[in-house]
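**Student:** Below you'll find the structure I mean.
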Amino acid sequence: MKYLVKLSFYSIILGTLATAMLDIWNWSRHYLFDTPLTKYEFIGRWMLYMLDGQFYHTSIKASSALPHELLVGWLGHYFIGIVFAALLLLIFGLKWLEKPTFKPAIIIGMVTAGIPYLIMQPGMGMGIAGYLTPNPMSVITKVIVSHVAFGVALYLGGILIKSVKTNR
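With the UniProt record's numbering, the residue at position 136 of the sequence shown is 136, and numbering never jumps.
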């Protein structure tokens, strides 16, 4: 039980830190290079429709808006980051936080790119890896860049957690 409590605690801290760092990265790219930001209201809409058993949309943009979809989208975004951090700590162990290394974090970042490509984008009507969008290569590139940035953020978050643990 103690292990599960520690795993949960550190997953929440690491996942929240890494997701926040990813958001800062994405906002920076948006303001510096005019790259599009993720539309979290569409993610929230998709998630809310799942509660009624609808997992696929021809176009999530064309589906009726639902109350609180933006909030649900943001909460879902952070929840997914926490789950991905838990995946890192489950696979590589809580010991990883004692000596964070880059390779495991970047592996998790890259592997988790499969989730939007194979589940989220098809479910929202964009096709596998966004092939039904007007510019699939842009969608593919955005996911890769974001997940690499998330992997780097996991590593930096691990270093920050280690530093805090060491200095207390």
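C-beta: ideal position from N, C-alpha, C; glycine also.
Please report how far the alpha carbon of GLY127 lies from the alpha carbon of VAL145, in whole angstroms.
**Tutor:** Residue mapping note: residue 127 aligns to position 127 of the sequence shown, counting from 1. Residue mapping note: residue 145 aligns to position 145 of the sequence shown, counting from 1. GLY127 and VAL145 have their C-alpha atoms some 19 Å from each other.
**Student:** For GLY53, which three-state DSSP category applies?
**Tutor:** Here residue 53 refers to the residue found at position 53 when the sequence shown is read from its first residue. Here GLY53 sits in coil by DSSP.
**Student:** Does ASP23 pass the burial test, meaning 16 or more other C-beta atoms within 10 Å, or should it be called exposed?
**Tutor:** The sequence position of residue 23 within the sequence shown is 23, counting from 1. Buried, because 16 or more other Cβ atoms sit within 10 Å of the Cβ of ASP23.
**Student:** Using only the alpha-carbon positions, how far apart do LEU71 and GLY44 sit?
**Tutor:** Along the sequence shown, one-based indexing puts residue 71 at 71. Along the sequence shown, one-based indexing puts residue 44 at 44. Computed Cα separation, rounded: 7 Å.
**Student:** Determine whether the beta carbon atoms of SER28 and ILE82 lie at a separation below 8 Å.
**Tutor:** Along the sequence shown, read from residue 1 onward, the residue named residue 28 stands at position 28. Along the sequence shown, read from residue 1 onward, the residue named residue 82 stands at position 82. Not in contact: SER28 and ILE82 (Cβ atoms no closer than 8 Å).
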